[in-house]
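To start, the structure under review is shown below, and the notes come after it.
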Amino acid sequence: GKVVGVLVVRYIASVLQQIVISSVGFSVTDFDVALLDDDLVFLAHISEPDLLLKTAALLDANRMAELQNAGRIPAGNIGDVMIDLPELRAGVENVDTQPNFAIEMHEATETGEMEKHEEQAGAVRLNTKPWVVIASQSAEILYAPVNEQTRNTILLSLLMAVLVVVSALSMARFLSKPI
Numbered sequence: 206g207k208v209v210g211v212l213v214v215r216y217i218a219s220v221l222q223q224i225v226i227s228s229v230g231f232s233v234t235d236f237d238v239a240l241l242d243d244d245l246v247f248l249a250h251i252s253e254p255d256l257l258l259k260t261a262a263l264l265d266a267n268r269m270a271e272l273q274n275a276g277r278i279p280a281g282n283i284g285d286v287m288i289d290l291p292e293l294r295a296g297v298e299n300v301d302t303q304p305n306f307a308i309e310m311h312e313a314t315e316t317g318e319m320e321k322h323e324e325q326a327g328a329v330r331l332n333t334k335p336w337v338v339i340a341s342q343s344a345e346i347l348y349a350p351v352n353e354q355t356r357n358t359i360l361l362s363l364l365m366a367v368l369v370v371v372s373a374l375s376m377a378r379f380l381s382k383p384i
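Heads up, the sequence shown is in this note's numbering, so the first residue is 206 and it goes up one at a time.
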C-alpha cells in the first residue's frame, strides 16, 4: 500500500475525434455519434467537429473559469463555449434510467433560415470514464421503414377488405338467385 507516484492522463480532442470516427466503422450521413465528458463537454462529434471542446452544460462563471484554467474548454465568453441543448442535458442526466430520448435540433438552411427537426438519440455511460457516448439519427430517417411498413399494411388491409366485400356480394348473389 505505498503510493509511488501518480499517473496523469491527458486526452487530445482531435485524437479522440479520430478514434470515435474510426470506431463507428461506417459512413452514414444522417447518423451522429458524440462523446461527452462529465461536464457535457464535446470530446468528439462525427458530423460537427466545430462542437469540440464546447459544452452543453449550464455553467456558472466559477465553473467555466475552472474548466478554462484546466484546459478542458477554450478561453472565451460564455457564448463561445456553451451550446443551449436542454433536451441533450436532460437526456444525459437521465441516461441511467432512460437511455433513449428526443433532441430538437435547429439547423441553418441554404437560405440562412433556421429549420428545426427532431432527432432520436440513445446514450450509454462508459464504465471506465465518467463519459457518455450518444448516437442519434433524424427521426424522419429512423422511422422511415416503420412508416413504409405501416403504409403497406394499410394498403394490403384495404385490398383485402375490397376482396372480401366483392366475394361476399358474389356469394350472396349466387346463393340468392332462383334455381
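Backbone N, C-alpha and C fix where the C-beta goes; we use that ideal spot for every residue, glycine too. The model shown is predicted, which means the values in this text are computed figures rather than measured ones.
- Relative to E312, the option among A377, E253 and I224 whose CA is nearest is E253.
- Here the C-alpha atom of L374 lies approximately 38 Å from the C-alpha atom of A349.
- Comparing alpha-carbon positions, the option among G327, K382, T260 and T355 lying closest to V300 turns out to be G327.
- Using a Cβ distance threshold of 8 Å, F306 and G296 count as a contacting pair.
- For I346, the secondary structure class from DSSP, reduced to helix, strand or coil, is helix.
- In this structure, the straight-line span from the alpha carbon of L264 to that of E298 is close to 15 Å.
- For R330, the uninterrupted beta strand (DSSP E) run begins and ends at M319 to R330, by DSSP.
- The three-state reading of DSSP puts N299 in coil, since its state is none of H, G, I, E or B.
- Contact between the stretch 236 to 255 and the stretch 328 to 337 is present: 3 or more CB-CB pairs across the two stretches fall below 8 Å.
- The shortest CA-to-CA distance from F247 to any of D289, V367, N274 and N267 is the one to D289.
- By the beta-carbon neighbour count (other beta carbons within 10 angstroms, threshold 16), A280 is exposed.
- In the same chain as L293, and ignoring 5 residues on each side of it, the C-beta atoms closer than 6 Å to its own belong to A261 and I308, in chain order.
- Rounded to whole angstroms, N352 and L361 show a C-alpha spacing of 14 Å.
- Between the C-alpha atoms of N274 and W336 there is a straight-line separation of about 20 Å.
- When DSSP states are grouped into helix, strand and coil, T260 belongs to the strand group.
- From the listed residues L257, I283, S343 and M287, the smallest Cα separation to M310 is found for S343.
- Taking a 10 Å sphere around the C-beta of S341, we find 16 or more other C-beta atoms and assign the residue as buried.
- Across the set L258, R378, L347 and K382, the C-alpha of L347 shows the shortest separation from the C-alpha of E323.
- Rounded to the nearest angstrom, the gap between the Cα atoms of L245 and K259 is 8 Å.
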